[in-house]
Amino acid sequence: MFSAGLSPAFAADPTGDWKVEDGVAHIRVAECGGSMWGAVAWEQIPGGIDKNNPDATKKARPTLGIVTLIDMKKNAANDKWSGQVYNAKDGKFYKSTIKLGDTSDELEIEGCVLGFLCGGQTWTRVGPSIPSSPSNLTAKGALPKAGAATGGKMAPGAAPTASAAAPKAAPTPAAGAPKATAPAGQKTAAATAPGQPADIGDICLLPEINKVTH
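Count the sequence shown with the numbering used here and you get residues 48 to 261, in order.
1. Do you know offhand how far residue 60's Cα is from residue 75's?
2. Use the C-beta contact count for residue 125: other C-beta atoms within 10 angstroms, 16 or more gives buried, fewer gives exposed.
3. Taking residue 157 as part of the beta strand (DSSP E), name the residues at either end of that continuous run.
4. Do residue 158 and residue 166 come within 8 angstroms of each other at the CB atom, strictly closer than that value?
5. Under 8 angstroms between the Cβ atoms of residue 110 and residue 132?
6. Please state whether the Cβ-Cβ distance between residue 96 and residue 107 is less than 8 angstroms.
7. Report the three-state DSSP secondary structure of residue 109 (helix, strand or coil).
8. Measure the C-alpha to C-alpha separation of residue 178 and residue 160 and round it to an integer number of angstroms.
9. Exposed or buried, what is residue 123 when buried is set at 16 or more other beta-carbons lying within 10 Å of its beta-carbon?
10. Straight-line CA distance for residue 151 to residue 138?
11. For a quick check, are the C-beta atoms of residue 259 and residue 170 less than 8 angstroms apart?
12. Kindly indicate which three-state DSSP category residue 164 falls into: helix, strand or coil?
13. Take residue 185 as the anchor and find which of 81, 63, 118 and 116 has the nearest alpha-carbon.
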């Protein structure tokens, strides 16, 4: 329902929320520290855990909010981003590329294990492109913030920190559900359906991403 209002300016922008090919999850893709990252923003069946992770200390962690697209770097020559993808279904990491498909509402994901066993999926856009996260202002290599002008796609009027311009608190979610954390400068997905956890907000603030980009 968002795609009808998408601007042509986002034609080569892979950020936003994407439904995976089998429809079981939505992946939120955002630019964090100059790279594209993705994390699970919605699950068809809430309450999943990363049971196939080879790291025993991570087998019980929730799959909601888990990082799936890792440090994808832009290749300007072919409009692709290259990095790694984590597949929670088998607990494995794959060399991967992402690129927009024939339209800005399709994202093509390709991945290979050790250079072979390659495969791919086409994801469908379910949310608009996402402005640059306020946390990018303090990312590695960012300009000093003392009045310095910043580039990127910061939303107009966004403050340099998430807390400085955080929106008014939403109603308290159901017991046990994570609180919505939607900082200024980053849009969120559509309103959460009944029975679903709260929106995960700015994925650049997820510890797994934040510790790499800052």
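Just so it is clear, CB atoms sit at the ideal spot from N, CA and C, and this is done for glycine as well.
Taking the coordinates as given:
1. 13 angstroms
2. exposed
3. 153-160
4. yes
5. no
6. yes
7. strand
8. 32 angstroms
9. exposed
10. 29 angstroms
11. no
12. strand
13. 81
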